[in-house]
Structures are given as C-alpha cells and as structure tokens.
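Quick notes on the structure that follows.
Protein chains: 2
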Amino acid sequence: MSEDHLEEAVSEPAAEEEVDPLAAVTRERDDYLDALQRLKAEFDNYRKRVARDQHELAARASERLVKELVPVLDDLERALEAAAQHEEAKLEEGVGLVHRSLAELLAREGVAEIPTDGKFDPHVQEALLAQPSEQEEGTVIQVLQKGYLLGDRVLRPARVVVSAGPEQRG
Amino acid sequence: MSEDHLEEAVSEPAAEEEVDPLAAVTRERDDYLDALQRLKAEFDNYRKRVARDQHELAARASERLVKELVPVLDDLERALEAAAQHEEAKLEEGVGLVHRSLAELLAREGVAEIPTDGKFDPHVQEALLAQPSEQEEGTVIQVLQKGYLLGDRVLRPARVVVSAGPEQRG
Numbered sequence: 086m087s088e089d090h091l092e093e094a095v096s097e098p099a100a101e102e103e104v105d106p107l108a109a110v111t112r113e114r115d116d117y118l119d120a121l122q123r124l125k126a127e128f129d130n131y132r133k134r135v136a137r138d139q140h141e142l143a144a145r146a147s148e149r150l151v152k153e154l155v156p157v158l159d160d161l162e163r164a165l166e167a168a169a170q171h172e173e174a175k176l177e178e179g180v181g182l183v184h185r186s187l188a189e190l191l192a193r194e195g196v197a198e199i200p201t202d203g204k205f206d207p208h209v210q211e212a213l214l215a216q217p218s219e220q221e222e223g224t225v226i227q228v229l230q231k232g233y234l235l236g237d238r239v240l241r242p243a244r245v246v247v248s249a250g251p252e253q254r255g
Numbered sequence: 086m087s088e089d090h091l092e093e094a095v096s097e098p099a100a101e102e103e104v105d106p107l108a109a110v111t112r113e114r115d116d117y118l119d120a121l122q123r124l125k126a127e128f129d130n131y132r133k134r135v136a137r138d139q140h141e142l143a144a145r146a147s148e149r150l151v152k153e154l155v156p157v158l159d160d161l162e163r164a165l166e167a168a169a170q171h172e173e174a175k176l177e178e179g180v181g182l183v184h185r186s187l188a189e190l191l192a193r194e195g196v197a198e199i200p201t202d203g204k205f206d207p208h209v210q211e212a213l214l215a216q217p218s219e220q221e222e223g224t225v226i227q228v229l230q231k232g233y234l235l236g237d238r239v240l241r242p243a244r245v246v247v248s249a250g251p252e253q254r255g
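From first to last, the protein sequence lines are chains V and U. The opening residue of the first sequence carries number 86 in this note's numbering; numbering runs sequentially from there. The opening residue of the second sequence carries number 86 in this note's numbering; numbering runs sequentially from there.
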C-alpha cells in the first residue's frame, strides 16, 4: 500500500474502504456487540410474550369447551324441574337429550369409546377378573366400565372381565 | 508495568492481558460474532419449539376438561338405565348427581352464574321484554334464561324481563 493511499484514508475516515485495520475491526466489534445486545433484548421480550400467550391459549381452549357445556347444564336443569313436578316422561326425555348432547360434544373433541369385542388388549383395557367361560381364553366376556380414547391416548382404560377358558373338571 | 512483565506477556500470547490492540479487538470481534450466531440459532430453535408447544398446550387444556367429563357421562348412562327399567327414584337421584357434578366442574373452571336480583345491568343481562309491574322501573322481574360469567367475561348474558314501572292508568 502506498503512502498516498494511507493519507487518503486518514483524511476521509468515513470512506467505505477502511485502511486502518484497528479502526475497521473495532467498528466490526462494536457492530456485533450492538447486534448481540439488540437480539438479546428481542429474545427476552419474545420469551415474556410467549409466557403470557400460553396462559391465554390454555384459558381460551377451556373457555371454548366450558361455553359448550352451558346448554347441557340448562337441559339438566329442565330435567330436574320435570322431576320435581313428577313429569316422568319429560324427565326421561330430558336425560336422553343431555346424554346425547354430552356424548356428541365429547365425540367432537375426539373422544372415542374403546372397543371391547374380541381379544383382551392390555394397551387399552384393564382385566379386573378372569372367569371360566365357554369363550376362548383371553376373550373379553364382560365390560364393567367403558373406556375412552382421546385420539390415540387412553383417557381411561375399559375395565373388563376376561375368559379363563372352559372350566377345568377334575 | 516493568520491562520484565512486558516480555513475559509477549512470550505468552495466550496470557490474559493482550498487548497488541489489533489482536485484542479482533478476538473480541470474533467472540461477539460467535455469540451472535449462537444466540440466533437458539432463538430460531426456541421459536420452532414454541409453535409445537402451543399446539400441545391447547390440546392438553381440553384433554384435562374432557377427562373430567367422562365420569359425568357414566352417571348419565346409569340414569338412562334406571329410566329404561322404570326405577324412577334412581333416575331422579341420578339426574341430581349429574347436575351436581357438572355444576361443580364448571365452578372449578371459574364459571359463575350472573346475579339477577335488583337493577337491570346491560353489561351482563339482556332485556327481552319490559312489563308493567309494581316494582321500580328497570328492576329485573323475571329470568327467562340464566346467564354465566367465566372470570369477568360473559359466556352468556342472563335473559330477563324488566319492570316498566306501574301501569299507566288513563
């Protein structure tokens, strides 16, 4: 580098090509530090916003469901009034209506009954008892409590009685 | 700093106190650039994780509620069985139980009935009708449908009849 060029750079410190390596590196260092500090602040704000949002999100998810349960409560109250007035037919009808509403609501949410026909399945069923029966060993022969899935997760296993096979005759 | 110390530093370039300003600033610049790149990568990963989490969170929030509704459905089914067998007392008892369970579940979620005693409140009530009455004008005189709040949000306004004041006699 000629002496001339060096002088030019010194007389024009804002020129694009910096010739003083220390000044150039110092500027880069300051730029990076500045960017680093701004990114840190942005990250912090983002984290805070996420914490607030997640709270909101959980609240909204249950709000939607809770809102759908209000009419079910209405139907139940009407059924109770019918019961108080001994209007049995109306009471039965009301209970049927409430059951249908709730079952449909749960189905919309992705809840499904666990099937219990056929072989015992330990992933989704719980065997409370094994009883001798004409059915093949390991077959579900009675459902004590229905089980439910939500998507592929078990909300509650079906509680069943399984066949221990034909009774042994000494 | 003595000449001895200076020599020591020069012969040990990795020493904590760097004497070449260009080398020192270059190292700082590289450190900041490195930190900046790592923070960027961390921020990106965080953003991706948040997107995944939010989906999960909403699903979990409804899963919790849905799970609590399963025993309510059981009680309803038992009530329906009682109805099918014309066990009226058992049916009534069952409906009372279901109502209590659901009302308690909603209360735990923060749902509260909108009060309807006293003055009509347009923020939480909807007047479907105004009727002449001995009650002061603007007083709620009948509730046609209960209203509910979730926290301070109106899930459903109470639908009411308000008093139009004493009947005008020409």
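For glycine and all other residues, C-beta sits at the position ideal for the given N, C-alpha and C.
Query                                                                                                                                 : Result
At least 3 beta-carbon pairs within less than 8 Å: the stretch 190-209 of chain U vs the stretch 229-242 of chain U                   : yes
Spatial neighbours of V247 of chain U in its chain, beta-carbon cut-off 7 Å, leaving aside the 5 residues before and after            : F205, A212, A215, G223, T224, V225 and I226
8 Å CB neighbourhood of E97 of chain U in its chain, flanking five on each side removed                                               : Model confidence at E97 of chain U stands at a pLDDT of 48, short of 50, so the residue's coordinates are unreliable and nothing is read from them.
Chain-order list of residues whose beta-carbon lies under 8 Å from that of A249 of chain V (same chain, five-residue window excluded) : A215, Q216, P217, S218 and E222
Same chain, Cβ closer than 6 Å to V239 of chain U, five either side skipped, listed in chain order                                    : V209
Whole-angstrom distance between T111 of chain U and V110 of chain V, CA atom to CA atom                                               : 6 Å
Contact check, A188 of chain V vs L176 of chain U, beta carbons under 8 Å                                                             : no
For S218 of chain V, the first and last residue of its enclosing beta strand (DSSP E)                                                 : Neither: S218 of chain V is in no beta strand (DSSP E) and is coded neither H nor E.
Residues that DSSP places opposite L235 of chain U in a beta bridge                                                                   : U:V196 and U:R238
The stretch 114-129 of chain U contacting the stretch 116-124 of chain V, beta-carbon criterion three pairs below 8 Å                 : yes
Nearest-angstrom beta carbon gap, V180 of chain U and A168 of chain V [assumed within contact, 8 Å]                                   : 6 Å
Nearest-angstrom beta carbon gap, A146 of chain V and A197 of chain U [assumed within contact, 8 Å]                                   : In fact, because the Cβ distance is near 20 Å, the residues do not count as touching under 8 Å.
CB contact flag (L191 of chain U, L191 of chain V, <8 Å)                                                                              : no
Supposed close pair Q139 of chain V, Q139 of chain U - CB separation, criterion 8 Å                                                   : 7 Å
Simplified DSSP state of A243 of chain V, which is helix, strand or coil                                                              : strand
Contact under 8 Å by Cβ, E173 of chain U with E141 of chain V                                                                         : no
For Q139 of chain V, the three-state DSSP class (helix, strand or coil)                                                               : helix
Cβ neighbour criterion (16 or more within 10 Å) applied to P242 of chain U                                                            : buried
Buried versus exposed, by CB contacts within 10 Å (16 or more), L160 of chain V                                                       : Here residue 160 of chain V is Asp; the residue named in the question, Leu, does not match the sequence. It counts as buried.
Under the three-state DSSP convention, the category V228 of chain V falls into                                                        : strand
Every unbroken alpha helix (DSSP H) inside the stretch 125-187 of chain V [4 residues or more]                                        : none
Length of the line joining the Cα atoms of E178 of chain U and S186 of chain V                                                        : 20 Å
Any C-beta of chain V under 8 Å from that of H208 of chain U                                                                          : no
Min CB distance E141 of chain V to chain U below 8 Å                                                                                  : no
Among U:E162, U:V245, U:Y131 and U:R137, the one whose alpha carbon lies nearest that of P200 of chain U                              : U:V245
Classification of E252 of chain U by the beta-carbon crowding that lies within 10 angstroms, buried from 16 upward                    : exposed
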